[in-house]
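Per the numbering used here, residue 38 is the first one in the sequence shown, and the count goes up by one each step.
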Amino acid sequence: MSAYPHAVSAGWFPIATSRKLRGKPLARMLMDTPLVVFRGENGPAVLLDSCPHRNVALSAGCVRGNDIECPYHGWRFAADGRCTATPGAISPATQRARAMPVIERAGLIWTTLGTAPFPCLPPIISAPGFDQFWWEIPSSRAGLADAVENLLDPAHPHFLHPGIVRSAKIRRPVDVTVRFQPDHAEAIYVENSRPSAWMPRLLEGVRTIGIGRFMPPSTAQLIFEGPDGVRLAISVFFTPETATSVRPFAHFATPRRLAPAIIKRALLIAFHVPVLRQDQAMLRKQTENIARLRRANYALGPLDPLRPAITALMAGDTLAAAEQRLTLYL
Ligand code: FES
Ligand SMILES: [Fe+2]
């Protein structure tokens with residue numbers, strides 16, 4: 038039985054951005070399974086990152102035409118795992134490398150360890166009026182649900198990112214609607230104010246509404262709106278590498294005006310790097326402490342209405358449609 042919740046073990050996940058997958062094969066992990074992803078002449082391929090001959094990592098080899106070549110004895114494997122060449126022999130070995138399904142979509146390379154067909158992707162903002170880019174974030178030491186929750190959590194920025202994401206001193210009442218739908222859950226924050234900290238103030242000006250949304254198996258979305266519509270949308274696809282490691286793929290979209298796209302990309306990444314570092318450090322501490330405890334219970338506080346929905350949707354449950362209203366001081 039898989040150690041991962043049902044919707045996760047059956048899910049499709051990104052393992053590389055199209056941009057990053059060029060000439061060299063990349064070594065990746067997906068749910069404890071080492072994978073190699075490479076771009077052959079006919080497109081991307083994903084294999085188990087182990088040569089069936091002597092178990093050397095294929096990711097240490099090179100791409101040859103449509104195939105990947107093992108660095109030890111030079112066996113070559115096609116995208117479907119067939120051995121296409123065994124140097125020194127008249128015909129290639131009959132052993133195969135294990136091949137995974139692969140799809141290139143929306144600027145990412147996706148694969149699955151399950152058998153389900155490729156799903157409809159959660160919507161990212163890719164309208165013509167928006168500049169957009171992918172940011173491939175280094176792996177974080179964190180459980181999958183903890184990493185997703187961290188992005189959607191409105192309660193920690195005052196403590197972990199004081200003055201950057203939320204002021205540590207100023208709190209204002211915010212009306213929140215938490216909405217559960219069969220296939221997603223979201224919290225809508227009606228803010229209607231100039232943000233209390235410098236990063237959102239600089240990036241958004243006035244924020245009317247903020248939305249935090251979760252879509253299984255592991256997509257979290259933050260959408261910030263101003264008086265004239267969406268100012269910034271961040272969609273993060275979290276790929277579970279192991280039970281305590283995730284690799285986030287973050288998509289940023291901003292309306293096409295003001296600065297040129299390349300400048301905005303550089304600024305958005307530069308602004309988010311310190312915040313990311315603080316989150317990664319805290320997630321690491323959390324994960325290490327959970328390992329020390331061996332068994333962790335999670336108390337549900339008044340600011341955590343999304344966590345049970347995240348857990349249920351990851352388990353493959355559908356949610357009963359419901360709405361909940363609350364006032365938070367953020
Ligand atoms: S270990 Fe790969 S070819 Fe021998
Ligand atoms: Fe954070």
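All residues carry an ideal CB built from backbone N, CA and C; glycine is no exception.
Selection G200, M319, R294, P219 evaluated against P165 yields R294 as nearest (Cα-Cα).
DSSP places V93 in the coil class of the three-state scheme, outside both helix and strand. Apart from sequence neighbours up to five positions away, the residues of its chain that approach L240 with a beta-carbon distance below 6 Å are L269, ordered along the chain. Of all C-beta pairs linking the segment 106 to 118 to the segment 146 to 154, fewer than three are shorter than 8 Å, placing the two stretches out of contact.
Just so you know, the alpha carbons of R238 and S282 end up roughly 32 Å apart.
When C-alpha distances from G180 are compared across N229, A290, Q317, R216, the shortest belongs to Q317. Under the three-state reduction of DSSP, I174 is assigned to coil, being neither helix nor strand.
In summary, A40 is exposed, with fewer than 16 beta-carbon neighbours lying within 10 Å of its beta-carbon over all protein chains present. The beta carbon of D86 lies closer than 7 Å to those of A64, P71, L72, V73, A94, L95, S96 in the same chain, with the five residues before and after it left out.
Here the alpha carbons of L145 and W171 stand approximately 9 Å from one another. Contact annotation: L259 and G249 have beta-carbon atoms nearer than 7 Å. For F261, there is no enclosing alpha helix (DSSP H); the enclosing beta strand (DSSP E) has its first and last residue at 256 to 263. CA-CA distance, P124 to P285, rounds to 39 Å.
Counting only residues of its own chain and dropping the five nearest sequence neighbours on each side, I161 has a CB closer than 6 Å to the CB of S272, H288. V139 places its beta carbon 7 Å or farther from that of A47. In the assembly as shown, C157 is an exposed residue. Its beta-carbon has fewer than 16 other beta-carbons within 10 Å. Pairing F308 with I201, the inter-Cα distance amounts to about 9 Å. Here V139 carries a strand assignment [DSSP, helix/strand/coil]. If you draw a straight line from the Cα of R203 to the Cα of P194, it comes to about 6 Å.
With a cutoff of 7 Å on beta-carbon distance, V213 and A224 are scored as near each other.
DSSP places Q218 inside the beta strand (DSSP E), whose first and last residues are 210 to 218. When the beta-carbon positions are compared, R133 and T121 stay at least 7 Å from each other. Contact annotation: V215 and Q323 have beta-carbon atoms that are not nearer than 7 Å.
Straight-line spacing of the CA atoms in R302 and A126 works out to 51 Å. A direct Cα-Cα distance of roughly 19 Å separates E78 from R135. Taking 6 Å as the cut-off, the C-beta of D316 counts as close to a heavy atom of ligand 2. Between P342 and F251, the alpha-carbon positions lie close to 12 Å from each other.
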